[in-house]
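**Q**
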Amino acid sequence: MSDITLDAATRAPEAAPRSAPIRTTGPIAWMRQNLFGSWLSTAVTLLLGYLIVRWTIGFVEWAFVNAVWSVPQVNGQPQTQTCRDMKGVGACWAVISEKHRFILFGTYPYEQHWRPALVCLLFVGLYIVSAMRRFWNWTLVPIWVVTLTVIGILMWGGILGLPYVPQERWGGLPITLILSTFGLALAFPLAVLVALGRRSKLPAIKVLCVLYVELIRGVPLISLLFMASVMFPLFLPEGMNIDKLLRAQLAITLFAGAYLAEVVRAGLQTLPRGQYEAAEALGLSYWQKTGLIILPQALRLVIPPLVNTFIGFFKDTSLVLIIGLFDLLTAGKTAIVEPAWQGFGVEVYVTVGIIYLCFCFAMSKYSQGLERDLNAHRRR
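The structure is reproduced here in structure tokens:
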């Protein structure tokens, strides 16, 4: 017993766990390795840091410190001499406070601006609900139908005591959201069908799908918008006409469908052949195999290029200027046509760019989270 006690008393205490040295792990180690690893890397890092700091200080001074936020009104006309006296040293955000309604809603009747504002909120709410995985079932269909019906009632009016507003008066952010939402929502199922058609064993279907994709991808979107505006009405029966918004929507849908079809086809080709053989071994029909096994895995593999295409087409809606539609960017350009505000386009473009950035960044971050969640099993 005494030997055991002596051995326990003379045993060296266990060393407490120590944290990893900061020279080999952590942010300091990363900076040493990637930013200051050599004299050339250190020089480039210091130079870029100096330029970034100078640019940041200059931007803060221009955008906030020396900025003009409002200008006086005389007989209802803005007096912009205060902004012009700054001579570019400070931003003139007064143009945004004066023209923000026109930029956001175009020529929509001023007293009815609450309607397109509510439409924008409904679109954002629809995006949020559609992004929640608990709604990824048939309940999403009536949600979309009801929301889009309410959006149509608000924009057109003519019922429920709302004054009728023709489509020619629409503009700004609602036009951008309508074209991008409807265009991508209709283009995606079209793209899936075309991608499956290109891999079909039926020659007629395969040839038609190949011709559609190669023809649409072989011309720019501007030419399709122009043809939809000018040529499409020539093929309609006499006395029948389609408004410009629907023609632009058709062109954007066909254009987006062709590009998305190639992305989906890439996912189908990437999927291992064993998945097809396993589905056939289970005795599943073609549509059961495609809908339950093949497509979910293929789409999961191509989430990044799909979202990249979505973002691209969301911004490409600005090309509808060619057929006379006032989207967000076009409304911003038109807002500074007034002589009093000429020369302050930078402030308008910065504001419009921030709006585009908010929507595109939200799509990008959501896609990253979705890809991480759907591919969690690959990291096990």
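For the numbering used here, count along the sequence shown from 1 and bump the result up by 89.
Each residue gets a CB set at the ideal place from its N, CA and C atoms; glycine is no exception.
#1: Along the chain, which unbroken stretches of the alpha helix (DSSP H) at least 4 residues long are found entirely within the stretch 306-381?
#2: Check each candidate in L304, A340, E303 and I305 and name the one with the smallest Cα separation from F321.
#3: For Q170, report the span of its alpha helix (DSSP H) as first-last.
#4: Using the Cα positions of I444 and S453, report the straight-line distance between them to the nearest angstrom.
#5: If you drop the 5 nearest sequence neighbours on each side, which residues of the same chain put their C-beta closer than 6 Å to that of C298?
#6: Quick check: the Cα distance between R461 and K295, rounded to an integer number of angstroms?
#7: Which residues in the same chain have their Cβ closer than 7 Å to the Cβ of A220, if we skip the five residues on either side of it in sequence?
#8: If we count the other Cβ atoms within 10 Å of its Cβ and call it buried at 16 or more, is A367 buried or exposed?
#9: Mind checking who V163 pairs with in its DSSP beta bridge?
#10: DSSP on A465, reduced to helix/strand/coil?
#11: Which residue wins for smallest C-alpha separation from V435, given the options W144, V239 and W182?
#12: Decide if the stretch 170-188 is in contact with the stretch 196-216; the criterion is three or more beta carbon pairs, one per stretch, under 8 Å apart.
#13: What three-state label does DSSP hand G246 in the structure shown?
#14: Is C447 buried or exposed, if buried means 16 or more other CB atoms sit within 10 Å of its CB?
#15: May I ask which residues mark the beginning and end of the alpha helix (DSSP H) holding H189?
#16: Anyone know if the C-beta pair for L243 and R204 falls short of 7 Å?
#17: Can you tell me whether DSSP reads V254 as helix, strand or coil?
#18: With the cut-off set at 7 Å, would you say P161 and A429 are in Cβ contact?
#19: Among the residues of its own chain, which have a CB less than 6 Å from the CB of F224, if the five just before and after it don't count?
#20: Following the continuous alpha helix (DSSP H) through P198, name the residue where it begins and the one where it ends.
#21: How close, in whole Å, do the beta carbons of G356 and A387 come, if the pair is a contact with beta carbons under 8 Å?
#22: Assuming Y438 and G421 are in contact, meaning their beta carbons sit under 8 Å apart, how far apart are those beta carbons, in whole angstroms?
**A** Judging by the given coordinates:
#1: Those alpha helix (DSSP H) runs which fall completely within the stretch 306-381 and span 4+ residues are 310-319, 333-359, 362-370 and 375-378.
#2: Counted from its first residue, the sequence shown places residue 321 at position 232. When C-alpha distances from F321 are compared across L304, A340, E303 and I305, the shortest belongs to A340.
#3: Here residue 170 corresponds to residue number 81 of the sequence shown, with the count starting at 1. Segment Q170 to M175, the alpha helix (DSSP H) holding Q170.
#4: Position 355 of the sequence shown holds residue 444. Position 364 of the sequence shown holds residue 453. One Cα belongs to I444, the other to S453, and the distance between them is close to 14 Å.
#5: Along the sequence shown, read from residue 1 onward, the residue named residue 298 stands at position 209. Same-chain partners within the cutoff: V283, G286 and R287.
#6: Translated into positions along the sequence shown, residue 461 becomes position 372. Translated into positions along the sequence shown, residue 295 becomes position 206. Roughly 34 Å separates the two Cα atoms.
#7: Position 131 of the sequence shown, counting from 1, holds the residue named residue 220. Hits under 7 Å: Y455.
#8: Locating residue 367 in the sequence shown gives position 278, where the first residue counts as 1. Classified as exposed, A367 has fewer than 16 neighbouring CB atoms from the shown chains inside 10 Å of its CB.
#9: Taking the first residue of the sequence shown as position 1, residue 163 is located at position 74. Partner residues in the beta bridge of V163, as assigned by DSSP, are Q166.
#10: Working through the sequence shown from its first residue, we reach residue 465 at position 376. Three-state result, A465: helix.
#11: Here residue 435 refers to the residue found at position 346 when the sequence shown is read from its first residue. When C-alpha distances from V435 are compared across W144, V239 and W182, the shortest belongs to W182.
#12: Verdict: no, contact absent.
#13: In the sequence shown, residue 246 corresponds to position 157, counting from 1. Of the three classes helix, strand and coil, the one that applies to G246 here is coil, per DSSP.
#14: Taking the first residue of the sequence shown as position 1, residue 447 is located at position 358. Classification of C447: exposed, given that the 10 Å Cβ count is below 16.
#15: Reading the sequence shown from its first residue, position 100 is the one you call residue 189. Counting along the chain, the alpha helix (DSSP H) containing H189 begins and ends at A183 to F194.
#16: Locating residue 243 in the sequence shown gives position 154, where the first residue counts as 1. Locating residue 204 in the sequence shown gives position 115, where the first residue counts as 1. Contact flag set, yes.
#17: Start at 1 with the first residue of the sequence shown, and residue 254 comes out as number 165. Here V254 sits in coil by DSSP.
#18: To locate residue 161, count along the sequence shown from 1; it is residue 72. To locate residue 429, count along the sequence shown from 1; it is residue 340. Against a cut-off of 7 Å, the Cβ pair of A429 and P161 comes out as no contact.
#19: For the purposes of this step, residue 224 is identified with residue 135 of the sequence shown, where counting begins at 1. Excluding residues within five positions, the ones whose Cβ falls inside 6 Å are V218.
#20: In the sequence shown, the residue the question calls residue 198 occupies position 109. Judged by DSSP secondary structure, P198 falls outside any alpha helix (DSSP H); it is assigned neither H nor E.
#21: Working through the sequence shown from its first residue, we reach residue 356 at position 267. Working through the sequence shown from its first residue, we reach residue 387 at position 298. About 3 Å; that satisfies the 8 Å criterion.
#22: For the purposes of this step, residue 438 is taken as residue 349 along the sequence shown, with counting starting at 1. For the purposes of this step, residue 421 is taken as residue 332 along the sequence shown, with counting starting at 1. The pair is a contact, with the Cβ atoms about 7 Å apart (cut-off 8 Å).
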